[in-house]
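To start, the structure itself, in structure tokens.
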């Protein structure tokens, strides 16, 4: 790639935005490519992060700060309210349309137990708070699946909205404190200081909690600020020779396009690795300044690229809910290439229609509407959406709370034949007429029917060993219960048992990671490192802490790393557990291995929703299919002081396992026990633990 020789004719000029002499012609193409990358990676990238959102935020910071800095340098009134009106009129029509349509998708094709969370996210998205809601509800960013939120992609729009609302106020404050001729310098100092603070926060938070960092507004601010710094300096950049501009432009575009392949963005953005796509975008902008014959600007201004750029925003909005709806309707965990192509085609058609029939007509009337109506109309429309969704969420939440209260009342009263008691061989046949039409917990309440606690729970993004203690203040026995999320579904049961027998039980759990020295399969390299680090911390803890017994459990679907040869999986799995258990302080301390609950597909909840109490027949699985062997009993056989507690017969019949047992829904998602059902296991787990612990 070289520049034309001196004296050679330059590339023919292309149309520019005459109404805005400050416009950088490459911006539209760059922004369009960034958002399209997000769409393509969501559909075809198997959960990888493209870096397109980071570029989008950077470009947004560049554009807004360029406008604000010009106004401040000229001594013009910043006028935040007027800018809010323009911003909302540009962003909200398409966003509100997609929000309403996605709400319809939720009601039509997604299970009822997801309605409350999805309704909450609809409201949060309309208020530019979806990223905060995802942090609050502990939803990690990842590939689309049947249980993924159809509103999840609004997180980036929420952060952009927050920035667009707050940054004009900050610039207006700077403009009030300094003279116009000093405004750019003062704004550069403020922006630079905030960018450095935000980047430092992002790096620290990413190392501590990558899921939170990914959605955190303060951690993302530096990406906007970096664009702002470039905007402030852009007019004073030195003139560059065409040859250098060509090199910079193509290098920058290559970095933008390749970052999704080279970097695990879900685990590392918005930390230092995000400098790659953002640096690439900066190089593309630095290379601007007029057409070149061989530069990246030739690509960015091609008619197809400009078309994609034109529809990129509504395309970004539409593609995700369509993808989630496709997975839900087809009952699939992932989208194949044909399905992805179909989703993309439908999303493009809807994006074109939205842009031409809604967005452009509204923007064409912006001058007629005036500043006040430009602000009031989108705010009013958003208010209607928020109030309507809030009423629906409130009604669903009230129903859920009533159902949870009813389930707790039943469980606390030890209703005959409820849950596990219905399969008690000493009560066979077990009949309770009072339960004839009862099904608990309510479908809407399933996600909340969980006793797990954040103080004894570590997610994929940390290796920290978090331990909480339940039971007596002055215990007669001290136990440890440790494992993956299936261990923590029993937290409420452990608490009841500890209180009954005067014990204390330390509880420690990690997402998809259990007590074994064998390498475990994880979604990313960083998650695997955190799992291994957690295991190291756990083995060090049991080596230094005196316990009367150690309870271990794990998912029946736990998998070892793909590097383990298939013909050695069984041996490596057993040896890994035995080796990890061997670190306990006293080899005579009993290890109590609890066999896991039956496992169903995620779609089983939809089956229960459809068939109700009839799900015990219509949705059942053969025992062999619902009870894959996790090897925990074999490991117990290799440890002379290990014991196995198998409660399967209190969850499954002789031939099949049902998602409804004794009028109680067994799992909240096909894999994890509901707290309501787990509590009914207490009378059967408690005595067996006591027999081992106290002899």
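Residue numbers (UniProt numbering): 1 to 695.
C-beta: ideal position from N, C-alpha, C; glycine also.
Nothing here was measured: the structure is a model prediction, and the numbers come from that model.
Considering only residues of the same chain and omitting the five flanking positions on each side of residue i, which have a CB-CB separation below 7 Å?
i: residue 382; result: 92, 96, 126
i: residue 623; result: 652, 655, 656, 657
i: residue 688; result: 645
i: residue 148; result: 324
i: residue 351; result: 311, 314, 315, 318
i: residue 181; result: none
i: residue 29; result: 300, 301, 305, 306, 309
i: residue 569; result: 560
i: residue 375; result: 81, 84, 85, 88
Suppose contacts are defined by Cβ-Cβ distances below 7 Å. Is residue i in contact with residue j by that definition?
i: residue 155; j: residue 176; result: no
i: residue 556; j: residue 599; result: yes
i: residue 50; j: residue 260; result: yes
i: residue 441; j: residue 676; result: yes
i: residue 222; j: residue 187; result: no
i: residue 392; j: residue 119; result: yes
i: residue 39; j: residue 315; result: yes
i: residue 526; j: residue 267; result: yes
i: residue 253; j: residue 226; result: no
i: residue 626; j: residue 489; result: no
i: residue 191; j: residue 228; result: yes
i: residue 712; j: residue 94; result: Given a span of 1 to 695 for the chain in the structure shown, any question on residue 712 remains unanswerable.
i: residue 82; j: residue 371; result: yes
i: residue 281; j: residue 256; result: yes
i: residue 34; j: residue 52; result: yes
i: residue 121; j: residue 151; result: yes
i: residue 116; j: residue 397; result: yes
i: residue 461; j: residue 211; result: yes
Can you name, in chain order, every residue of its own chain whose Cβ lies under 6 Å from the Cβ of residue i, other than the five neighbours on each side?
i: residue 542; result: 583, 584
i: residue 271; result: 202, 203, 206
i: residue 480; result: 506, 547, 550
i: residue 41; result: 48, 50, 260
i: residue 671; result: 599
i: residue 231; result: 62, 65, 66
i: residue 88; result: 378
i: residue 528; result: 522
i: residue 354; result: 94, 314
From the DSSP output, in three-state form, read off residue i for me.
i: residue 430; result: coil
i: residue 549; result: strand
i: residue 510; result: strand
i: residue 441; result: coil
i: residue 661; result: strand
i: residue 153; result: coil
i: residue 21; result: Confidence at residue 21 is low in this model, with a pLDDT of 48, below 50, so its placement is unreliable and the value that follows should be read with caution. Correct three-state label for residue 21: coil.
i: residue 693; result: helix
i: residue 478; result: strand
i: residue 394; result: helix
i: residue 698; result: A question about residue 698 goes unanswered here, because the residues of the chain that appear run from 1 up to 695.
i: residue 469; result: strand
i: residue 531; result: helix
i: residue 416; result: coil
i: residue 210; result: helix
i: residue 643; result: strand
i: residue 504; result: strand
i: residue 594; result: strand
i: residue 538; result: helix
i: residue 216; result: coil
i: residue 583; result: coil
i: residue 160; result: helix
i: residue 526; result: helix
i: residue 631; result: coil
i: residue 198; result: helix
Any idea which residues DSSP pairs residue i with across the strands?
i: residue 622; result: 656
i: residue 667; result: 673
i: residue 560; result: 520
i: residue 698; result: This structure leaves residue 698 out entirely; the chain is present only between 1 and 695.
i: residue 759; result: Past the boundaries of the shown model lies residue 759; the chain is included only from 1 to 695, so the question cannot be answered.
Less than 8 Å between C-beta atoms, sequence neighbours within five positions excluded: which residues of the same chain meet that for residue i?
i: residue 607; result: 615, 618, 619, 659
i: residue 562; result: 521
Relative to the ligand HEM, is the shortest distance from any of its heavy atoms to the C-beta of residue i smaller than 6 Å?
i: residue 170; result: In the structure shown, the ligand HEM is absent, as is every other ligand, since no ligand is present at all.
Does the CB of residue i have a neighbour CB from chain D at under 7 Å?
i: residue 417; result: The structure shown contains no chain D; it is built from a single protein chain.
Please specify which runs of the beta strand (DSSP E), each continuous and at least 3 residues long, are wholly inside the stretch 73 to 146, giving them in chain order. As far as the stretch 73 to 146 is concerned, it has no whole beta strand (DSSP E) run of at least 3 residues.
Quick one: complete alpha helix (DSSP H) runs, 4+ long, within the stretch 263 to 337? Counting only runs of 4 or more, we get 265 to 268, 275 to 286, 297 to 300, 303 to 330.
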